[in-house]
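Residues 37 to 145 (the numbering used here) are what the sequence shown spells out, left to right.
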Amino acid sequence: MQCSCGCSEVHEVAWRRTADNKRVTFWSDGLVTGPFGFNLRGVGSAKSAWSTKRDLRAAWIVADLVGFLDFSEVGAAVKTARKLCEKSGWTTKAAIGRAVLDSLDKRTE
Ligand SMILES: [Zn+2]
């Protein structure tokens, strides 16, 4: 799947730092990795155009939350966000983000 920048090779599109100051990288196919491009536990690459779209949506939701998370929580956040993006296409990004934080037992008052 081609990224909005026009490049069809998978490449880094953004990075963020977690609350415990670890680097998390976001890729153009929706993959989210840890420092040095290491895969997060249980978080794999998309296998189809459809799952790429889902993973990208989930990745941007997680990107907004990463500053609230410790690195050890990022993999679970990505998995939950992907699941929610799959189930409730109608839900807003903000609602999914809150649900992801709730799943990690983070207070979002
Ligand atoms: Zn791009």
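Every residue, glycine too, gets a C-beta built ideally from N, C-alpha and C.
Here the structure is a predicted model, which is why all the values come from computation and not from measurement.
Cutoff 7 Å; reference Glu122; Cβ partners in own chain excluding five residues on either side: Mapped onto the sequence shown, residue 122 falls at position 86. Counting only Cβ-Cβ distances below 7 Å, and skipping sequence neighbours, we find Arg90.
Sub-8 Å separation of Glu142 and Phe104 beta-carbons: What you label residue 142 is simply residue 106 of the sequence shown in a count that begins at 1. What you label residue 104 is simply residue 68 of the sequence shown in a count that begins at 1. Note that residue 142 is Lys in the sequence shown, not Glu. Closer than 8 Å, so yes.
C-beta atoms of Val102 and Arg134 nearer than 8 Å: To locate residue 102, count along the sequence shown from 1; it is residue 66. To locate residue 134, count along the sequence shown from 1; it is residue 98. The answer is no: Cβ separation not under 8 Å.
Test item, CB below 6 Å from any non-hydrogen atom of ligand 1: Cys39, Cys41, Cys43, His47, Val49 and Ser64
Whole-angstrom C-beta distance between Ala99 and Ala50, which should lie under 8 Å: Counted from its first residue, the sequence shown places residue 50 at position 14. Counted from its first residue, the sequence shown places residue 99 at position 63. Confirmed, about 6 Å.
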